[in-house]
Amino acid sequence: MHFHIVSIFPRLFHSYLADSILKRAQDNGKIQFSFYDPRSVTTNKHKKVDDLPYGGGPGMVMMAEPIIKLWETITQKTFKEKLPFTKKRKFKTILLSPGGETFTTGMAKTLAREYTDIIFICGRYEGVDARVAEVTGAELVSIGDYVLTGGELAAMVMCDSIARQCEGVLGNQASLEEERISSHEMYTRPERFSYRGKEYGVPEVLLSGNHKKIDEWRKTH
Ligand code: SAH
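Just so we're aligned, residue 102 is where the sequence shown starts under this note's numbering, counting upward by one.
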């Protein structure tokens with residue numbers, strides 16, 4: 102899976118991608134990230150990427166042209182690169198937007214299964230000129246019912262969740278949590294933990310060694 106990130110703040114991604122599972126997945130060639138900064142393709146002197154909104158109102162709107170230019174470069178250039186197996190490239194463009202469809206694990210699974218390349222367009226300020234979605238056919242996606250200062254965190258959340266659905270990313274963790282009989286309530290050592298004079302134990306069933314009972318408990322916790 103190749104993630105293409107269009108953002109005027111690409112550095113925001115670096116620390117998160119430089120550690121742990123996403124780092125290993127990049128080192129192993131399971132996932133790849135590329136960054137494209139709209140400022141790098143602006144034609145005006147001051148590298149301006151935003152302008153006043155038509156119809157008035159507060160704030161600024163990201164201009165369509167630099168983003169569309171980058172989108173064109175990404176799709177054309179990447180289409181020509183060969184994949185190391187017989188799979189054909191399949192692109193999806195996502196525009197991060199608080200008004201979009203809400204992201205879910207189901208969406209992450211579909212995206213991981215059906216595409217080889219995902220382009221994320223990260224908005225800033227009051228958002229992105231609507232003609233970007235019109236031209237690129239981007240799907241508008243929100244990561245939740247709250248407003249962020251930019252699309253970068255939202256893109257990272259999506260990349261993280263999609264990446265763990267890609268084959269080989271979770272390494273020796275044979276199957277994904279969602280498919281196992283899994284519980285969100287988990288315990289590890291020590292068996293008895295004290296805090297301010299009170300003892301906190303582990304549910305007996307998890308210590309019982311009875312796997313049938315453990316599976317039953319996990320289904321309900
Ligand atoms: N006034 C705008 C808010 C813009 S927030 C509006 O009501 O739509 C600035 C940018 O942050 C957006 O363009 C989008 O890319 C990103 N963003 C903010 N909240 C988000 C969310 N919940 N999910 C995805 N992207 C979000």
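We put the CB at the ideal spot given by N, CA and C, even for glycine.
- By the beta-carbon neighbour count (other beta carbons within 10 angstroms, threshold 16), S108 is buried.
- Its Cα nearest to that of C260, the residue L123 stands out among A119, S116, L113 and L123.
- Distance from the C-beta of L171 to the nearest heavy atom of ligand 1 is not below 8 angstroms.
- For Y117, the uninterrupted alpha helix (DSSP H) run begins and ends at H115 to L118, by DSSP.
- When the Cα atoms are used, P111 and S284 turn out to be separated by approximately 36 angstroms.
- Secondary structure of L171 (DSSP, three-state): helix.
- Here the alpha carbon of A209 sits roughly 22 angstroms from the alpha carbon of S116.
- H105 counts as buried, since at least 16 other C-beta atoms from the protein chains shown sit within 10 angstroms of its C-beta.
- Cβ-Cβ separation between G201 and S262: approximately 15 angstroms, too far for a contact (criterion under 8 angstroms).
- A distance below 9 angstroms separates the beta carbons of F221 and G252.
- If you keep only unbroken beta strand (DSSP E) runs of at least 3 residues inside the segment 108-148, you get 133-137.
- DSSP, read as helix, strand or coil, puts D152 in strand.
- Bridge partners of I222 according to DSSP: V107 and L196.
- Restricting attention to K299, T211 and V233, the CA atom closest to the CA of E268 is found in T211.
- Counting C-beta pairs closer than 8 angstroms gives fewer than three between the segment 151-161 and the segment 182-191, which falls short of the contact rule.
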